[in-house]
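In this note's numbering, the protein residues as written are 4 to 165.
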């Protein structure tokens with residue numbers, strides 16, 4: 004009996020979480036949300052009370068990023084709203100420069116830093132450009148190969164960490 008109740012409680016919580024994630028997706032698609040406070044208020048209006056920490060985890064899980072809205076402000080967008088065209092990489096000496104759609108450089112650089120390929124020492128991101136600083140001893144070809152998952156939109160797994 005206890006196992007059933009425990010399983011039922013787990014399923015109930017997972018159902019609520021999925022409903023909240025669906026609500027977040029719908030809000031992001033239908034409204035111009037600029038920050039977590041606005042998103043939290045919109046969720047509250049739909050009957051979801053959520054903490055800032057939970058909201059941050061949900062944003063990360065849904066891979067929501069910010070991009071320019073055309074009026075010099077940033078808004079949240081879902082990954083499927085990312086403009087067509089993959090980031091392009093070019094080398095200047097041993098440094099790599101990635102050009103991305105406007106508003107996506109910080110999110111991509113954050114993924115590179117989080118996954119931390121051994122070939123990459125650090126990244127510096129602006130709005131649509133990432134400077135990639137490779138570690139000594141790696142060729143441009145090796146660095147380009149390490150960056151490939153980020154250029155194609157496929158996330159590298161975390162087994163390549165330093």
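By construction, the Cβ of each residue, glycine as well, lies at the ideal position given by its N, Cα and C atoms. As the structure is a computational prediction, the values presented were derived from the model and not from experiment.
Assuming residue i contacts residue j (C-beta within less than 8 Å), just tell me the rounded distance between them.
i           : j           : result
residue 42  : residue 65  : Not confirmed; about 11 Å, so no contact.
residue 99  : residue 154 : Wrong, their Cβ atoms sit about 11 Å apart, outside the cutoff.
residue 106 : residue 77  : 7 Å
residue 128 : residue 109 : 5 Å
residue 23  : residue 51  : 5 Å
residue 102 : residue 131 : 6 Å
residue 30  : residue 45  : 5 Å
residue 135 : residue 121 : With 8 Å as the limit, residue 135 and residue 121 do not qualify as a contact, their Cβ atoms being about 13 Å apart.
With H, G and I counted as helix, E and B as strand and the rest as coil, what does DSSP make of residue i?
i           : result
residue 94  : strand
residue 146 : helix
residue 49  : coil
residue 162 : At residue 162, the pLDDT of 36 sits below 50, so the modelled position is not reliable; the number obtained from the coordinates is stated separately. Note: residue 162 maps to helix in three-state DSSP.
How would you write the range of the beta strand (DSSP E) that residue i sits in, first residue to last?
i           : result
residue 134 : 132-137
residue 36  : Taken as a continuous stretch (DSSP letters only), residue 36 belongs to no beta strand (DSSP E), as it is neither H nor E.
residue 127 : 123-128
Determine the closest residue to residue i out of the options, with distance taken between C-alpha atoms.
i           : options              : result
residue 137 : 76, 44, 28 and 96    : 96
residue 123 : 140, 45 and 60       : 140
residue 152 : 131, 142 and 111     : 111
residue 69  : 47, 38, 61 and 93    : 38
residue 93  : 119, 143 and 29      : 143
residue 53  : 104, 119, 91 and 20  : 20
residue 61  : 34, 48, 114 and 28   : 28
residue 133 : 118, 104, 148 and 47 : 104
residue 117 : 18, 49 and 63        : 63
residue 26  : 57, 40 and 49        : 49
Can you tell me which residues form a DSSP beta bridge with residue i?
i           : result
residue 101 : 92 and 133
residue 79  : 69
Indicate whether at least one CB of chain C lies closer than 8 Å to the CB of residue i.
i          : result
residue 49 : Among the chains in the structure shown there is no chain C, since it carries only a single protein chain.
Could you spell out the range, first to last residue, of the alpha helix (DSSP H) harbouring residue i?
i           : result
residue 58  : 55-64
residue 119 : No alpha helix (DSSP H) contains residue 119, which DSSP labels as neither H nor E.
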